[in-house]
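Student: Heads up: the sequence shown begins at 1087 in this note's numbering, then just goes up one per residue. The beta carbon of each residue, even a glycine, is placed where N, CA and C say it ideally should be.
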Amino acid sequence: MREKLFDTTGMTSSERIFHTPSIFARNSLNYVQEVGVLKSLKPHVCARENIESFLFFMVLEGEGRVFSEGKNYTVKKGDGVFLDCRNYYEHQSSEENPWEIKWIHFDGLEVKRCFDELVSKKEFVPVFALGKNAEVYASLWEKIKEAQNRKTLLDEMDSSRFLFEIFTLCMRDMQNGNGGAEDLEGKLSPSDFEAIRECINERFAEDGLAEELAGKYGLDTDGLNSLFGKKYGISVTDYIFNRKFNKAKEMLRFTIKPVEEIAKESGLGSEAVLRGLFEENEKMCPEDYRKKWAQWIKG
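Now the structure itself:
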C-alpha cells in the first residue's frame, strides 16, 4: 500500500512487513496489507477512516484505549481488538504503561462479506479478552507473518486461510466484548448444552422458546446465544430458525400438506414468511421446491 497504515515515525519502535497481493489474491482471496510488531515510545493518537482494510491487534504488554462507533474502550494486556477501518476509529497507547502490540491489516471479499452479514444481524464489541484462545491467536499471527516472506500462489492461499481463521475467532470473541467471555464462562455445563439442543430439536416450532431456555438457565437471550454459539458455531436463535426452515423443507418433500399448513406446523408462522425464505435461500417458490425434490411426484 502507498500509505503506511501505522504511520508513527519517532513515536514507536516497530517491525513491519508490507505486502502487495497478486491480482488473483486481491480478486479471490483474503490478503495481508501489513503485519508487524509495535512498541509505543510516547503516547499519540492514531486516527483513521475510509480505508478498505480490517485491523486486528493483540496487546502483549501495557495498555491504551480504542475509540470506535462513538464509544471509548480501555484496552490492556491480554486483550484483542478488531476494527473495520472503513469507519472512523482511534487508538492510543497509555503514557504511564505504554503498550506493545502485534497487528495485522488485511482485506478480502470473503472477510468483508462475512463481516457485513454478521454486523447486520448483531452489534459486536470491538475489544475482547483473548482468554483461552491467546495461544491460538499468537500461532496464527506467526503463520501469517511467515507466509509473507514467500510469494507463491500456494503461500497466498495459506495466508488467506489463516486470516479467515483469525477473523472467525475474532467474530466469536467479539460477541461478548471485553471480559464478557470470562464473565459467562462456566454458566453452562456440557450436559446443559446437550439438554438445550435436544429441547430445541423437540420444541423448535413453539413461540418464545429461546427466551424460555435463557430464563431457565439464568441468562438473557444474548448471553445464551453467545454461549451456544461458542459451543456449536451458531446462536440459539439461528439454530431454532434453521430447524423451522428445515422442517418446512422436509414437509414439502414428504407430505402433501398445503404451504399455509406447513408454515404453521414448522413454526415459521405465516405463508408469506415461508415464501420469502424460499425465494431468498433456494431461489424458487415452495411449489417449485416440492416439484424438484418431492419423493411422491412422478415426472
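Rounded to whole angstroms, what's the CA-CA distance from Phe1248 to Tyr1223? Just pull it up for me.
Tutor: Going from the Cα of Phe1248 to the Cα of Tyr1223 covers about 10 angstroms.
Student: Have a look at Lys1128 and Ser1275 and give me their C-alpha separation to the nearest angstrom.
Tutor: Each residue's alpha carbon lies about 46 angstroms from the other.
Student: For the alpha helix (DSSP H) containing Gly1301, list its first residue and its last residue.
Tutor: First-last of the alpha helix (DSSP H) with Gly1301: Leu1295 to Lys1302.
Student: Just mark Glu1288 as buried or exposed, buried being the case when its beta carbon has 16 or more other beta carbons within 10 Å.
Tutor: Result: exposed.
Student: Would you say Cys1285 and Leu1299 are within 8 angstroms of each other, going by their C-beta atoms?
Tutor: A contact, by the Cβ cut-off of 8 angstroms.
Student: What does the alpha-carbon distance come out to for the pair Glu1268 and Cys1256?
Tutor: Any answer about Glu1268 is weak, because its pLDDT of 42 lies below 50 and its placement is not dependable; what the coordinates show is given next. Glu1268 and Cys1256: Cα-Cα distance of roughly 15 angstroms.
Student: Quick check: Glu1120 and Arg1172, are their CB atoms within less than 8 angstroms of each other?
Tutor: Not in contact: Glu1120 and Arg1172 (Cβ atoms no closer than 8 angstroms).
Student: Once DSSP output is grouped into helix, strand and coil, what is the label at Leu1216?
Tutor: In this structure, Leu1216 counts as coil in the three-state DSSP scheme.
Student: Could you pull the start and end residues of the beta strand (DSSP E) that Trp1379 belongs to?
Tutor: Per DSSP, Trp1379 belongs to no beta strand (DSSP E); it is in the alpha helix (DSSP H), Pro1372 to Trp1379.
Student: For Ser1179, which three-state DSSP category applies?
Tutor: Looking at Ser1179 - three-state DSSP - the assignment turns out to be strand.
Student: When you compare only the Cα positions, how much space is there between Thr1106 and Glu1251?
Tutor: Whole-angstrom Cα-Cα distance: 21 angstroms.
Student: According to DSSP, simplified to helix, strand and coil, what is Val1152?
Tutor: In this structure, Val1152 counts as strand in the three-state DSSP scheme.
Student: In or out: Ala1334 buried (at least 16 other Cβ within 10 Å) or exposed?
Tutor: By the neighbour-count rule (16 or more Cβ atoms within 10 Å), Ala1334 is buried.
Student: Where DSSP assigns a beta bridge to Thr1106, which residues make up the other side?
Tutor: According to DSSP, which records beta bridges pairwise, Thr1106 is partnered with nothing at all.
Student: Glu1368 to Phe1253, Cα distance in whole Å?
Tutor: Near 28 angstroms, if we compare the C-alpha coordinates of Phe1253 and Glu1368.
Student: Assess, as a yes-or-no matter, whether the segment 1146–1154 is touched by the segment 1110–1120 under the definition of 3 or more beta carbon pairs within less than 8 angstroms.
Tutor: No, the segment 1110–1120 is not in contact with the segment 1146–1154.
Student: Is it the case that the Cβ atoms of Leu1226 and Ile1187 are separated by a distance below 8 angstroms?
Tutor: No, the Cβ-Cβ distance between Leu1226 and Ile1187 is not below 8 angstroms.
Student: Measure the C-alpha to C-alpha separation of Val1322 and Glu1366 and round it to an integer number of angstroms.
Tutor: Looking at the two C-alpha atoms, the distance is approximately 21 angstroms.
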